[in-house]
Amino acid sequence: MSVSESKVRTTPLGGKVWFCLLFFGLIGQIAWIVENMYFAKFMQDEFVDEAWATTLMVALSAIFATAATVVTGAICDKTGKRSVFVSWGFIVWGLTIMVFALFPINYSPDQLRGLVAGIIIMDCVMSWVGSSANDAAFNTWLTDMTDTTNRGKADTILSMMPVFAMVIVFIGLDSLTAKGTEQWWLFFVILGAIPIVSGILGLFVLRDKPNLPKNTNPDFGKELIYGFRPSVIRKNKMIYIALAGSGIAGASMQVYMSYLINFVERTLGMTDYVMPLAVIIVCSAVLAGLLGFLMDKFGRKHFFIPLVLAAVIGTLGIYLLKFVGTTNTVALLGMLIPVGIVTMTAELSVSGLFVSSFRDYIPKGKEGCFQGIRMFLFVLLPMIIGPAIGNAIIDAYGWYSVSEITGEEILNYPYEMFLGAAIVAVFTLIPAVIVRSRDADTRARLLAERDAAANGDETAETDALCDETAQ
1 MSVSESKVRT
11 TPLGGKVWFC
21 LLFFGLIGQI
31 AWIVENMYFA
41 KFMQDEFVDE
51 AWATTLMVAL
61 SAIFATAATV
71 VTGAICDKTG
81 KRSVFVSWGF
91 IVWGLTIMVF
101 ALFPINYSPD
111 QLRGLVAGII
121 IMDCVMSWVG
131 SSANDAAFNT
141 WLTDMTDTTN
151 RGKADTILSM
161 MPVFAMVIVF
171 IGLDSLTAKG
181 TEQWWLFFVI
191 LGAIPIVSGI
201 LGLFVLRDKP
211 NLPKNTNPDF
221 GKELIYGFRP
231 SVIRKNKMIY
241 IALAGSGIAG
251 ASMQVYMSYL
261 INFVERTLGM
271 TDYVMPLAVI
281 IVCSAVLAGL
291 LGFLMDKFGR
301 KHFFIPLVLA
311 AVIGTLGIYL
321 LKFVGTTNTV
331 ALLGMLIPVG
341 IVTMTAELSV
351 SGLFVSSFRD
361 YIPKGKEGCF
371 QGIRMFLFVL
381 LPMIIGPAIG
391 NAIIDAYGWY
401 SVSEITGEEI
411 LNYPYEMFLG
421 AAIVAVFTLI
431 PAVIVRSRDA
441 DTRARLLAER
451 DAAANGDETA
461 ETDALCDETA
471 Q
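If you count the sequence shown from 1, position 44 lands on 44 in my numbering, and the numbers rise without skipping.
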């Protein structure tokens, strides 16, 4: 079969793989939403709403998450196992989330410093466990199970899981986090129970790809730093360029993501923010999923530039809401929802584009080692750089007002966060152009390798049948 003919033949993943991809991808993101949004809200609403506390927490947790992924990814390669780390990791992950139910929200001023330190420390512990299970083991498993013909939709659909998780948590549990309800403990208990139950299920349904190779290098220390070696970087430079693209796009999103709920609630004045955000999330997820299928059908090269530009235009559009001069909620929603859909669709799709391209370039037998590099460039740096930019913008342009609900002084997060995000997103064009220029050749090579392997399997089966007949 020629490469041109094989372009439209997608390797089927099978129902069980799709179930595990969707189920554990979603559950992992439901757990991560605590880290990405609700720890920030917990800190801001109940302890310290100044940006430095959120920025410090996000940065430290990203460092621990990256270190965990480097270590566990190398262990996955060393042992040739993934599923056991996913399943048991999810169980322990849920337990660490439940620990946050023990933090009191009624405390004396002299307890504040210790509570803030305790929250940050436990956030780092939770990040270590969660990244070991999800970012190292589960992502290595996903790399094993996919190829270049189905990674576009697999990674794009996986990138949709955070927004589905947001909808589920917003609708089902967000009311427990409202100021004055004192139900944070129940919120953390419920969210902790979800990955625990899922991990137990994983022990029975999640299976590794057969005959995975084991890394036989006796020097485990070298394997930990494998992806950071200059010689490896030179040999596999497209891995790092693809991850740089995802990292820049991620930094753009992180400029505002930790403050998004309070931006909508405080700055835009939408106290009933759940349904508008749910509309944006669901519509964006559907569009991103459709784009993922189109990427696999027609090749990813056609989507890089348009989607990066859409992300820039979308975030810029949210910033421009500052100048509409209306406090009418209906009118504001009529403008926020379209630009929100454009922004989120583009950001989800850009993430899927770069991460699926990254997987295409991973050498066989090193699937786990490079997950640490993915975390470093795709998670750690964006979660340090993005919030730092957001923090500087908030310090310069944020303002305080008195809450109509509680009568307390609250910080309003500025529209300029989205202008900053748009400026950062522009730089995504540089790696997008480079990866796009190599995509067609890489796709053709991987398709040829896939078809050659399939033909080899067919030949082996035929030879075996001939041998049996001869006997």
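Cβ coordinates follow ideal geometry from the N, Cα and C atoms, glycine included.
Just so we're clear, the structure is a prediction, and the values are computed from it rather than from any experiment.
In this structure, DSSP gives glutamate 182 a state outside helix and strand, which the three-state scheme calls coil.
In this model, methionine 145 and aspartate 77 are separated by some 15 Å (Cα to Cα). By the Cβ criterion, the stretch 343-353 is not in contact with the stretch 18-36, since fewer than three pairs of Cβ atoms, one from each stretch, lie closer than 8 Å. In this structure tryptophan 93 touches methionine 126 by the C-beta definition: roughly 7 Å separates them, less than 8 Å.
Counting the other Cβ atoms within 10 Å of the Cβ of valine 402 gives fewer than 16, which makes it exposed. Distances from the CA of alanine 242 to each of Phe188, Lys301, Asn211 were compared; the closest alpha carbon is that of Lys301. Excluding its 5 nearest sequence neighbours in each direction, cysteine 369 has C-beta neighbours in its own chain below 7 Å: Gly73, Ala74, Asp77, Glu223, Tyr226, Gly227, listed in chain order. Taking the C-beta atoms as reference points, aspartate 155 is found no nearer than 8 Å to valine 379.
Per DSSP, glutamate 50 lies in no beta strand (DSSP E) and is assigned neither H nor E.
Taking the C-beta atoms as reference points, phenylalanine 85 is found no nearer than 8 Å to alanine 31.
Taking 8 Å as the cut-off, the Cβ atoms of alanine 278 and phenylalanine 170 count as close. Secondary structure at glutamate 367: coil, using DSSP grouped into helix, strand and coil.
Annotation: the continuous alpha helix (DSSP H) that includes tyrosine 240 extends over 237-254.
Excluding its 5 nearest sequence neighbours in each direction, glycine 152 has C-beta neighbours in its own chain below 7 Å: Gly292, Met295, Asp296, Arg300, Gly352, Ser356, listed in chain order. In the three-state reduction of the DSSP assignment, valine 402 falls in the strand class, which pools E and B. In the displayed model, asparagine 391 falls within a helix according to three-state DSSP.
In the three-state reduction of the DSSP assignment, glutamate 416 falls in the helix class.
Taking each of Arg82, Met122, Tyr256, Val232 in turn and checking the Cα distance to proline 213, the smallest one comes out for Arg82.
Between the C-alpha atoms of glycine 386 and methionine 37 there is a straight-line separation of about 14 Å. At a cut-off of 4 residues, the continuous stretches assigned as alpha helix (DSSP H) that sit fully inside the stretch 286-336 are 304-320. Just measuring C-alpha positions, the residue of Thr54, Gly130, Arg266 sitting nearest glutamate 408 is Arg266. If you draw a straight line from the Cα of proline 276 to the Cα of alanine 452, it is about 49 Å long. Only residues of its own chain outside the window of five on either side were considered, and among them Val308 have a CB closer than 6 Å to the CB of leucine 429, listed in chain order. Taking each of Ser131, Ile27, Pro195 in turn and checking the Cα distance to leucine 95, the smallest one comes out for Pro195. When C-alpha distances from glutamate 46 are compared across Leu290, Val17, Ile119, the shortest belongs to Ile119. 8 Å or more divides the Cβ of methionine 166 from the Cβ of leucine 26. Taking a 10 Å sphere around the C-beta of aspartate 395, we find fewer than 16 other C-beta atoms and assign the residue as exposed. Rounded to the nearest whole angstrom, the CA to CA distance from isoleucine 305 to proline 431 is 10 Å. A direct Cα-Cα distance of roughly 14 Å separates proline 363 from arginine 450. Take the alpha-carbon of serine 284 and the one of serine 159: they are about 11 Å apart. Take the alpha-carbon of tyrosine 240 and the one of alanine 133: they are about 23 Å apart. Spatial neighbours of tyrosine 273 in its own chain (CB-CB distance under 6 Å, excluding positions within 5 residues in sequence) are listed in chain order as Val264, Glu265. Residue burial annotation: threonine 177 is buried, with at least 16 other C-beta atoms found within 10 angstroms of its C-beta.
For glycine 269, the number of other beta carbons within 10 angstroms of its own is below 16, and it is reported as exposed. Between the alpha carbons of leucine 191 and glycine 340 lies a distance of about 27 Å.
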